[in-house]
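Undergrad: Starting off with a structure, shown below.
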Amino acid sequence: MRERMRKPKAIIVGGSIAGISCAKALILAGGDVVVIEKTCGPPTGNPTGAGINRAVDQEKNICADFLFIFLHGLIYNTLPVEIVFWGHLYLTFCISHNKSTVNVKAKNLRTDVIIDVVGDLLVAADGSRSSVRRTFLPDSKLRYTCYCAWSGVFDFSESENSETIQGIRKAYPTLGNGVHTDLAPGTHIVLYELMYKRLNWIWYISQPEPELKLARVIKETKEPFLNLIYDCDPLTQVYCDNVVFIRDAAHPITPHCARSTNMAIADAAVLGKCLEKLGEENLHSALEEYQSVRLPVTTKQVLHSRRVGQIKLGLPLPDRVPFDPKTTSPEDCEILKQRSLPFFDDVPATLE
Ligand SMILES: Cc1cc2nc3c(=O)[nH]c(=O)nc-3n(C[C@H](O)[C@H](O)[C@H](O)COP(=O)(O)OP(=O)(O)OC[C@H]3O[C@@H](n4cnc5c(N)ncnc54)[C@H](O)[C@@H]3O)c2cc1C
């Protein structure tokens, strides 16, 4: 690690998988870190309780599964406890005239006290509806994909021999060995078994975007569990002055390639390595390098995942006939595999 007079300080907004991974990477790079997260504590994954498959971000209702919570906990538990400000809502930021520091305002949601945090770098890890991105890049809008996902967890711990579970085991004899996808015209279902005799299902249905008022009511109902699926046209820049974007704050992606958590960790690790290599005094060069490594990769991944979703949901595409699972070709089946995602196996050279 490089020797320094002063450690650069990063303020990370968002303490989900991208924010926590970034905190870890920047500490390893020799920096000081503060994480501002509006939820009141880390996600808990009591495997026998009701919270196993529920949201980390209540507003967005992300279906975070046990592995996600486990991975988050694994990284979080290696961090100094005092660096994460749970229950703090990020409000605004401003950059100093000479662009050397950034000042962030956040509200303690328990006491309503506003705090100021001053640092060298602001990392936006506040998810697909990123407030930081809205400030910096107001033209970058979420795009409704024309489909949504209903999801739920079926608990069969008390009814292992029921007709329902026997029927599903007969239909999917390898249930328990990975993810099953069932395709039908205009829709598909993803199904996989969780620990402790539970099944997670996600049902993607093509439909017009619900009216905002109705969508709010649906989303705020705990059961059933609905995600309207959005992505975003790829950005042309993922940093500006002392502000950098990672994972969903930079590139919301449709979930069909199940690669988002992996991408969050890759973003964080590359950012950490670039800062370590170029140092605090070369912050902008480090951010430029981060952008040059990650932007081409995530751009291709977002567009590929968008196309996979459009094909699977049978949506019209200018260069092909709508997908029909009954008459599909082997080439189509190849595209739909998760492994077809560009850079699926790649480790960024910066990390080698
Ligand atoms: C139906 C569905 C299925 C999916 N399946 C998979 C899968 O199989 N594999 C996979 O890898 N990914 C999957 N994903 C995607 C994955 O859940 C997200 O991409 C991932 O959570 C993004 O991580 P993030 O840290 O960038 O953002 P988020 O997880 O959205 O976290 C953002 C954080 O910022 C905080 N925040 C936001 N605003 C503020 C504020 N103003 N102040 C303070 N804190 C704030 C939020 O509370 C939240 O904790 C799926 C998503 C959906 C919708």
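According to this note's numbering, the sequence shown is numbered sequentially starting from 95. All C-beta atoms, glycine included, are put in the ideal place defined by N, C-alpha and C. In this text, all values refer to a predicted model and were calculated from it rather than measured experimentally.
Let me confirm a value: residue 289 is counted as buried when at least 16 other C-beta atoms fall within 10 Å, else exposed. Which label applies?
TA: With fewer than 16 Cβ atoms within 10 Å of its Cβ, residue 289 is classed as exposed.
Undergrad: Would you kindly work out how many angstroms separate the C-alpha atoms of residue 117 and residue 173, rounded to a whole number?
TA: Spanning the two alpha carbons is a distance of roughly 8 Å.
Undergrad: Quick one: residues in its chain with C-beta nearer than 8 Å to the C-beta of residue 253, no 5 flanking neighbours on either side, listed in chain order?
TA: These residues qualify, in order along the chain: 259.
Undergrad: With a cut-off of 8 Å on the beta carbons, I'd call residue 419 and residue 279 a contact; round off their distance for me.
TA: Yes, they are in contact, since the Cβ atoms of residue 419 and residue 279 sit about 7 Å apart, within 8 Å.
Undergrad: Based on the DSSP output, what are the partners of residue 239 in its beta bridges?
TA: In the DSSP output, where bridge partners are listed per residue, residue 239 has none listed.
Undergrad: Are residue 241 and residue 298 touching if we call contact CB-CB under 8 Å?
TA: Yes, they are a contact pair.
Undergrad: Return the chain-ordered list of same chain residues with a C-beta closer than 8 Å to the C-beta of residue 96, the five sequence neighbours on each side being excluded.
TA: Only weak support exists for where residue 96 lies, its pLDDT of 44 falling under 50; the value from the coordinates is given anyway. Result list for residue 96: 124, 370 and 373, in chain order.
Undergrad: List the whole-angstrom C-beta distance separating residue 459 from residue 345, where the pair is believed to meet the contact cut-off of C-beta under 8 Å.
TA: Any question about residue 459 goes unanswered here, given that the chain covers just 95 to 446.
Undergrad: Residues in the same chain with beta-carbon distance under 8 Å from residue 256, minus the five sequence neighbours each way, listed in chain order, please.
TA: Around residue 256: 250.
Undergrad: Going by DSSP, which residues form a beta bridge with residue 130?
TA: Paired residue(s): 107 and 179.
Undergrad: Taking just the CA atoms, how far does residue 274 sit from residue 281?
TA: Near 14 Å, if we compare the C-alpha coordinates of residue 274 and residue 281.
Undergrad: Since residue 103 and residue 214 should fall inside the 8 Å C-beta cutoff, what is the C-beta to C-beta distance between them, to a whole number of angstroms?
TA: Contact holds; Cβ gap of about 5 Å.
Undergrad: For the pair the segment 161 to 168 and the segment 126 to 139, tell me if three or more CB-CB distances fall below 8 Å.
TA: Because the criterion of three Cβ pairs below 8 Å is met, the segment 161 to 168 and the segment 126 to 139 touch.
Undergrad: Going by beta carbon distance, what residues of the same chain come within less than 7 Å of residue 303, once the five residues before and after it are set aside?
TA: Cβ within range, chain order: 238 and 322.
Undergrad: Who are the Cβ neighbours of residue 157 in its own chain at under 6 Å, not counting the five residues just before and after it?
TA: Confidence is the limiting factor: at residue 157 the pLDDT is only 42, short of 50, which leaves the residue's position unreliable and the question unanswerable from this model.
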